[in-house]
Ligand code: AHG
Ligand code: MN
Ligand code: MN
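Residue numbers (my numbering): 5 to 353.
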């Protein structure tokens, strides 16, 4: 079955989004105005994430230049640079989120354990993030990103690790920033739709460019590190053979796309449909990606956009985490494409 749907189903952006003037801040503020009881804390927190995104964008863009300069003599710039950028993005997020007292604590892919940012009783939120995703791609100027999720603090006591170990369905917001050919910030609060903002570096603002993103129900694209195929379980190998068979009626063979930065691969999948998968295999039974910082935020975003996220056997957002850095097999994408993947996985006992 070939789809007659266009490659995307959100309203195309205006000719010059920045002229329309809906900045990220305005958009978030208008969202708050729709909830008169809101204290402004959530709005303020999201705006701080927007500020962190601008600061990390600046660092990412400069890091590319630093890498070019590094080529002229230094040998270990690549390792140091990537590491430095991971660290810098991490520190930027921590200091920006700690500035206003809305964020009680954070958990980051780059930190061993959670970090308390505010003991103020009004600090109602917890933020989880992968500060720099796909960082091994920075040295070759390929898209990288930042991924985040926001949870409401559930207790009045000082935050502990267990406060972060909550199923992804409890997120109150999630998003990512893609440092691609342009910088984009995609955000959702779950029920209000998924919205994309494009950064205009000439004015230093994110402008609404992709309102209410909806992922197509299926598409003929798959994204997986096929270099791992020797380790895959037989069900994943059969699914992989299936997407490559010729069958016009089901849009096969699918096209292959794999960047190796989750933010880039997931963003393309969100825009065009299809499936991204990082399954568990013989070598890495739980796959590679982290439940709290990578799988949950993307699962939250994809479901809000009409897509699906699964381990192959269960819904990502229903998993009860047991550790901050736990990994999880992930299949993310168009509802029908993820269902087909699940059918293969479930057929293996
Ligand atoms: P990070 O840079 O935050 O450690 O994440 C890297 C991840 C993710 O971005 C991507 O989907 C995956 O690694 C790619 O892994 P492979 O190189 O094994 O394909
Ligand atoms: Mn990552
Ligand atoms: Mn990372």
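C-beta atoms are modelled at their ideal positions from N, C-alpha and C, and glycine is treated no differently.
Nearest-angstrom Cα separation, counted from residue j out to residue i
i           : j           : result
residue 106 : residue 256 : 49 Å
residue 342 : residue 164 : 34 Å
residue 179 : residue 218 : 15 Å
residue 61  : residue 32  : 20 Å
residue 122 : residue 167 : 15 Å
residue 270 : residue 28  : 21 Å
residue 42  : residue 239 : 48 Å
residue 118 : residue 169 : 11 Å
residue 230 : residue 140 : 18 Å
residue 188 : residue 210 : 8 Å
residue 242 : residue 251 : 15 Å
residue 111 : residue 249 : 43 Å
residue 192 : residue 254 : 31 Å
residue 344 : residue 40  : 43 Å
residue 86  : residue 34  : Caution is warranted here: a pLDDT of 42 is assigned to residue 86, below 50, making its placement in the model unreliable, and the coordinate value is therefore given only provisionally. Whole-angstrom Cα-Cα distance: 37 Å.
residue 195 : residue 316 : 24 Å
residue 282 : residue 228 : 6 Å
Nearest residue (CA-CA) to residue i, options the options
i           : options            : result
residue 275 : 330, 90, 213, 177  : 213
residue 222 : 309, 91, 98        : 309
residue 318 : 328, 327, 303, 326 : 303
residue 325 : 177, 277, 298, 339 : 298
residue 347 : 40, 246, 287       : 246
residue 25  : 207, 127, 138, 316 : 207
residue 142 : 344, 279, 263, 188 : 263
residue 147 : 194, 227, 65       : 65
residue 137 : 337, 268, 315      : 268
residue 307 : 38, 349, 177, 351  : 177
residue 301 : 320, 289, 287      : 320
Chain B within 8 Å of residue i, Cβ atoms only
i           : result
residue 162 : Absent here is chain B; the protein component of the structure consists of one chain.
Nonlocal neighbours in the same chain, by C-beta distance under 7 Å from residue i, ignoring five residues either side
i           : result
residue 232 : 285
residue 259 : 224, 225
residue 322 : 171, 173
residue 52  : 100, 101, 103, 104
residue 124 : 105
Cβ neighbours of residue i in the same chain (closer than 8 Å, five flanking residues each side left out)
i          : result
residue 44 : 36
residue 63 : 89, 92, 93, 96
Cβ shell of residue i (< 6 Å), same chain only, five flanking positions each side left out
i           : result
residue 312 : 339, 342
Legend entry - Inter-stretch contact at 8 Å, needing at least 3 Cβ pairs: the stretch 321-337 / the stretch 282-297: Touching, per the Cβ criterion.
Legend entry - alpha helix (DSSP H) segments (min. 4 residues) lying fully within the stretch 181-256: Segments of the alpha helix (DSSP H) lying fully in the stretch 181-256: 238-248.
Legend entry - Inside the stretch 85-163 only - alpha helix (DSSP H) runs reaching at least 4 residues: With a minimum length of 4 residues, there is no unbroken run of alpha helix (DSSP H) contained wholly in the stretch 85-163.
Inset, instruction - Could you pull out every unbroken beta strand (DSSP E) segment of at least 3 residues lying fully inside the stretch 299-352, listed in chain order? - result: For secondary structure counted as the beta strand (DSSP E) over 3 or more consecutive residues, the stretch 299-352 holds these complete runs in sequence order: 312-314, 334-337.
Inset, instruction - Flag this pair as touching only if the stretch 181-189 and the stretch 153-163 have three or more C-beta atom pairs under 8 Å; answer yes or no. - result: No: fewer than three Cβ pairs fall under 8 Å.
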